[in-house]
Amino acid sequence: MGGGGQQTDRITGTNARFSTYTWEEVQKHTKSGDQWIVVERKVYNVSQWVKRHPGGLRIIGHYAGEDATEAFTAFHPDLPLVRKYMKPLLIGELEASEPSQDRQKNAALVEDFRALRERLEVIALMLVWYFGTGWINTAIVAVLMATAQSQAGWLQHDFGHLSVCKSSRWNHLVHKFVIGHLKGASAGWWNHRHFQHHAKPNVFKKDPDVNMLNMFVVGKVQPVEYGVKKVKHLPYNHQHKYFFFVGPPLLIPVFFQFQIFHNMVSHGLWVDLVWCISYYVRYFLCYTQFYGLFWAVILFNFVRFMESHWFVWVTQMSHIPMNIDYEKHQDWLSMQLVATCNIEQSAFNDWFSGHLNFQIEHHLFPTMPRHNYWRAAPHVRALCDKYGVKYQEKTLYGAFADIIRYNTNLKSHGFTFKKSFCSELFLYNMKQH
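Per UniProt numbering, the very first residue in the sequence shown carries number 1; after that it's consecutive.
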């Protein structure tokens with residue numbers, strides 16, 4: 001057997017006297033209903049406790065009559081808490097002359113292993129400190145979370161269009177899971193908005209995506225209309241300036257956030273509400289452990305803030321710079337092509353946009369799986385060429401720049417509201433005569 005061990009300290013806060021035992025005495029208590037174990041040289045009678053042990057009764061019984069120190073430390077992350085529960089079970093300790101290990105175990109190996117564990121714990125604590133919840137690390141986490149949320153958005157879009165599973169039922173079910181549990185939104189709300197957009201893209205009063213709630217004016221018709229009617233909710237000739245502070249940053253964290261919950265409650269979408277709540281429960285159970293409630297809310301909104309930029313630029317680059325007007329009753333292909341453009345294909349563009357760089361093909365064939373868009377594109381282009389329908393494809397940079405140029409044009413290309421009002425008033429008076 002190994003060398004003799006040191007007498008352990010008495011438990012603080014108690015005057016009880018405990019016996020000392022030899023290994024021979026401890027090893028007599030190994031049967032069901034009479035089981036002792038040794039942890040850190042202290043002897044515990046666990047005969048009755050095994051029935052209440054959270055880890056199960058058999059695992060303790062496997063160490064009856066033995067030193068269970070390594071198993072004890074291996075299975076319990078919060079050792080101080082577990083030791084409190086073990087105090088009533090303490091009946092004594094090993095005699096000073098007894099070794100810390102039983103049955104001729106290699107004392108040097110055991111001690112070296114304990115030293116190794118302590119070193120690894122120190123390293124782990126350093127890693128937690130170094131890669132903890134500091135500003136830089138949190139910023140990296142936020143970027144990763146925003147990326148995951150954006151990609152989950154493209155994924156739910158696929159399921160929402162019934163383009164993944166063969167069964168519509170499975171598409172609808174997984175759509176609710178992805179948009180509800182993974183993103184905290186409503187499948188019913190998304191269907192209501194998005195299918196209208198596909199049915200009548202860029203058509204006033206029919207496409208919700210061009211209903212800007214008087215925050216912005218879009219197209220060439222609406223600025224003139226607002227000028228004639230003297231609609232002055234905001235200084236629209238300056239919207240190219242405030243767009244960057246109101247549009248991309250606030251669409252998801254403010255407008256969509258409010259609209260989603262209002263829609264679920266007002267329309268009785270209770271299944272969607274349960275899915276949505278499950279997202280928030282999961283999020284706050286996880287991140288309040290690291291940041292507390294206040295900073296978890298801040299992190300949540302910062303992630304939504306970044307995701308909102310991603311979403312707005314990708315979804316608007318294919319539609320907002322295109323023609324926006326009232327209903328013209330066009331055929332399906334012409335209606336979609338006049339309101340939609342593509343972005344050139346690349347591995348990055350495919351990933352970044354969820355393959356919505358093929359927006360034309362997606363709008364023409366909404367249920368087509370996204371990996372087939374590139375195959376359909378040449379055929380669509382050929383048909384457009386045959387009938388003289390303009391098929392537009394831009395670079396990613398060019399598409400983003402067109403959004404900026406589009407907003408700026410309200411001021412520089414004659415669509416200011418004073419000019420619109422004067423010119424339309426003149427034409428109106430001419431018609432009356």
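Note that the Cβ used here is the ideal one computed from N, Cα and C, for glycine as well.
- Go ahead and label M212 buried or exposed: buried means 16 or more other beta carbons lie within 10 angstroms of its beta carbon, across all protein chains shown. Position 212 of the sequence shown, counted from the start, is the residue given in the question as residue 212. Exposed, since its Cβ has fewer than 16 Cβ neighbours within 10 Å.
- Give the DSSP-derived three-state secondary structure of L144 in the structure shown. Residue numbering aside, residue 144 sits at position 144 when the sequence shown is read from its first letter. For L144, the three-state secondary structure derived from DSSP is helix.
- Message: In whole angstroms, give me the CA-to-CA distance for L251 and W310.
- Response: Within the sequence shown, numbered from 1, the residue matching residue 251 stands at position 251. Within the sequence shown, numbered from 1, the residue matching residue 310 stands at position 310. Pairing L251 with W310, the inter-Cα distance amounts to about 11 Å.
- Name the DSSP beta bridge partners of G92, please? Counting from 1 along the sequence shown, the entry for residue 92 is found at position 92. Paired residue(s): S19 and V43.
- If you draw a straight line from the C-alpha of P77 to the C-alpha of P321, how long is it? One-based indexing of the sequence shown puts residue 77 at position 77. One-based indexing of the sequence shown puts residue 321 at position 321. Rounded to the nearest whole angstrom, the C-alpha separation of P77 and P321 is 58 Å.
- Query: Do you know how far the Cα of Y226 is from the Cα of M264?
  - Reply: Position 264 of the sequence shown, counting from 1, holds the residue named residue 264. Position 226 of the sequence shown, counting from 1, holds the residue named residue 226. So the alpha carbons of these two residues sit roughly 32 Å apart.
- Message: Taking the beta carbon of E66 as the centre, do at least 16 other beta carbons fall within 10 Å, making it buried, or is it exposed?
- Response: Within the sequence shown, numbered from 1, the residue matching residue 66 stands at position 66. Around the beta carbon of E66, 16 or more other beta carbons sit within 10 angstroms, so the residue counts as buried.
- Task: On the DSSP bridge assignment, give the partners of D158 in chain order.
- Result: Taking the first residue of the sequence shown as position 1, residue 158 is located at position 158. Partner(s): none; D158 has no beta bridge.
- Task: To the nearest angstrom, report how far apart W23 and S97 are at their CA atoms.
- Result: Taking the sequence shown and counting its residues from 1, one reaches residue 23 at position 23. Taking the sequence shown and counting its residues from 1, one reaches residue 97 at position 97. One C-alpha to the other measures close to 10 Å.
- Task: Could you tell me if V38 is buried or exposed, where buried requires 16 or more neighbouring beta carbons within 10 angstroms of its beta carbon?
- Result: Taking the sequence shown and counting its residues from 1, one reaches residue 38 at position 38. That one is buried.
- With contact counted as at least three CB pairs below 8 Å, one residue from each stretch, are the segment 198-216 and the segment 167-185 in contact? In short, these stretches do not touch, since the Cβ pair count stays below three.
- Give the secondary structure of D402 by DSSP, where H, G and I count as helix, E and B as strand, and everything else as coil. In the sequence shown, the residue the question calls residue 402 occupies position 402. Of the three classes helix, strand and coil, the one that applies to D402 here is helix, per DSSP.
- Task: Leaving aside the five residues before and after residue 438 along the sequence, list all residues of the same chain whose C-beta is less than 8 Å from its C-beta, in chain order.
- Result: Residue numbering for the chain in the displayed model covers 1 to 433; residue 438 lies beyond these limits and cannot be assessed.
- Query: Beta carbon of D325, beta carbon of G219: below 8 Å?
  - Reply: The residue you call residue 325 lines up with position 325 of the sequence shown. The residue you call residue 219 lines up with position 219 of the sequence shown. Yes.
- Query: If we ignore side chains and look at the alpha-carbon of each, how far apart do R405 and H240 end up?
  - Reply: Position 405 of the sequence shown, counted from the first residue, corresponds to residue 405. Position 240 of the sequence shown, counted from the first residue, corresponds to residue 240. Cα-Cα distance, rounded: 8 Å.
- Query: With DSSP run on the structure shown, which of helix, strand or coil describes K232?
  - Reply: Translated into positions along the sequence shown, residue 232 becomes position 232. Note: K232 maps to coil in three-state DSSP.
- Item | Residues that DSSP places opposite Q35 in a beta bridge | Residue numbering aside, residue 35 sits at position 35 when the sequence shown is read from its first letter. Paired residues: T30.
- Task: Along the alpha helix (DSSP H) that carries V338, what are the first and last residues, could you check?
- Result: For the purposes of this step, residue 338 is taken as the residue at position 338 of the sequence shown. Per DSSP, V338 is one residue of the alpha helix (DSSP H) stretching across W332 to A339.
- Got a sec, what are the start and stop residues for the alpha helix (DSSP H) E70 sits in? Counting from 1 along the sequence shown, the entry for residue 70 is found at position 70. Note, E70: alpha helix (DSSP H), T69 to F75.
- Message: Quick check for students: name the residue ranges of the alpha helix (DSSP H) that lie wholly in the segment 262-328, counting only runs of 4 or more.
- Response: The qualifying runs are 270-316.
- Task: Report the residue from P366, R381 and Y397 whose alpha carbon sits nearest the alpha carbon of residue 438.
- Result: Only positions 1 to 433 of the chain appear in the structure, and residue 438 is not among them; the question remains open.
- Query: In whole angstroms, what is the alpha-carbon distance linking K166 and Q359?
  - Reply: Position 166 of the sequence shown, counted from the first residue, corresponds to residue 166. Position 359 of the sequence shown, counted from the first residue, corresponds to residue 359. One C-alpha to the other measures close to 22 Å.
- Message: With the cut-off set at 8 Å, would you say C276 and G184 are in Cβ contact?
- Response: Working through the sequence shown from its first residue, we reach residue 276 at position 276. Working through the sequence shown from its first residue, we reach residue 184 at position 184. In this structure, C276 lies near G184, with their beta-carbon atoms less than 8 Å apart.
- Going by alpha carbons, who is nearest to F290 out of Q222, P369, H175 and T138? Your numbering for residue 290 matches position 290 in the sequence shown. Nearest option by C-alpha distance: T138.
- Pick out whichever of N301, T340, H371 and V217 has its Cα sitting closest to the Cα of S346. To locate residue 346, count along the sequence shown from 1; it is residue 346. Comparing alpha carbon positions, the residue from N301, T340, H371 and V217 closest to S346 is H371.
- Message: On the criterion of 16 or more Cβ atoms from any shown chain inside 10 Å, does H197 qualify as buried, or is it exposed?
- Response: Sequence index remark: in the sequence shown, residue 197 carries index 197 (1-based). Residue environment for H197: buried (at least 16 other C-beta atoms within 10 angstroms of its C-beta).
- Leaving aside the five residues before and after S318 along the sequence, list all residues of the same chain whose C-beta is less than 6 Å from its C-beta, in chain order. Along the sequence shown, one-based indexing puts residue 318 at 318. T340, C341 and Q359, listed in sequence order.
- Helix, strand or coil for K220, going by three-state DSSP, please let me know. For the purposes of this step, residue 220 is taken as the residue at position 220 of the sequence shown. Secondary structure at K220: coil, using DSSP grouped into helix, strand and coil.
- Message: Do R117 and T73 have their beta-carbon atoms positioned less than 8 Å apart in this structure?
- Response: Translated into the one-based positions of the sequence shown, residue 73 becomes position 73. Translated into the one-based positions of the sequence shown, residue 117 becomes position 117. Contact flag set, yes.
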